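These notes are about the structure you will find just below.
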């Protein structure tokens, strides 16, 4: 079931952020993200699938898992200094929604921005086609880093 894959991604992402806690200047924000991700994972694992007229609906995200993710996205938007892009939370629900966050070109970003967005697109593609848990974890960690780099570049270009 897609909610199982979604819960696994939420737990992976929480673990990836946990590895960044030591010495991180915005440790408190990372702990908030980790808490939301664990709550989301539990919600996805325990949610009963929606059944309409005897048909099980598998392409909608259960509110029990989605609401904590939305809270994480809002926290990421409010605390950009933590270096975690709101885009990474879309990878959690991608097994259900088949959607990710569109990375917009940075104004004045140039070739480096295009290369970074290409690396993100390639890692996203690999994540959609990879079933191995170890590789999935590595790709999520790479995407967290790449989106963080894009977020940082956005701040540099704006300055």
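In my numbering, the protein residues as written are 2 to 160.
Here a beta-carbon is modelled for each residue, glycine too, at the ideal position from N, C-alpha and C.
Since we're looking at a predicted model, the values are computed, not measured.
Per-residue DSSP class, three states only, for residue 104: Taking the first residue of the chain shown as position 1, residue 104 is located at position 103. Residue state, collapsed to three classes: coil.
field: Any alpha helix (DSSP H) of 4 or more consecutive residues that is wholly inside the stretch 42-97
entry: 64-79
- request: Pull up the distance between the alpha-carbon of residue 55 and that of residue 116, whole angstroms please.
  value: One-based indexing of the chain shown puts residue 55 at position 54. One-based indexing of the chain shown puts residue 116 at position 115. Near 48 Å, if we compare the C-alpha coordinates of residue 116 and residue 55.
task: Would you mind giving the Cβ-Cβ distance between residue 70 and residue 98, rounded to the nearest angstrom? I have them listed as a contact below 8 Å.
output: Translated into the one-based positions of the chain shown, residue 70 becomes position 69. Translated into the one-based positions of the chain shown, residue 98 becomes position 97. That belief does not hold up - the Cβ atoms of residue 70 and residue 98 are roughly 11 Å apart, past 8 Å.
field: residue 38 in three-state terms, based on DSSP
entry: Indexing the chain shown from 1 puts residue 38 at position 37. Looking at residue 38 - three-state DSSP - the assignment turns out to be helix.
field: Rounded straight-line distance, which links the Cα of residue 57 to that of residue 75
entry: Along the chain shown, read from residue 1 onward, the residue named residue 75 stands at position 74. Along the chain shown, read from residue 1 onward, the residue named residue 57 stands at position 56. Near 31 Å, if we compare the C-alpha coordinates of residue 57 and residue 75.
field: Simplified DSSP state of residue 131, which is helix, strand or coil
entry: Within the chain shown, the letter at position 130 stands for residue 131. Residue state, collapsed to three classes: coil.
Contact between the stretch 82-92 and the stretch 18-34 (3+ Cβ pairs under 8 Å): yes
message: I need the DSSP call for residue 151, collapsed to helix, strand or coil.
response: Here residue 151 is taken as the residue at index 150 of the chain shown, counted from 1. The answer is helix: DSSP assigns residue 151 an H, G or I state.
field: Separation of residue 81 from residue 152, as counted between CA atoms
entry: On the chain shown, residue 152 is found 151 positions in, with the first residue counted as 1. On the chain shown, residue 81 is found 80 positions in, with the first residue counted as 1. C-alpha separation (whole angstroms): 8 Å.
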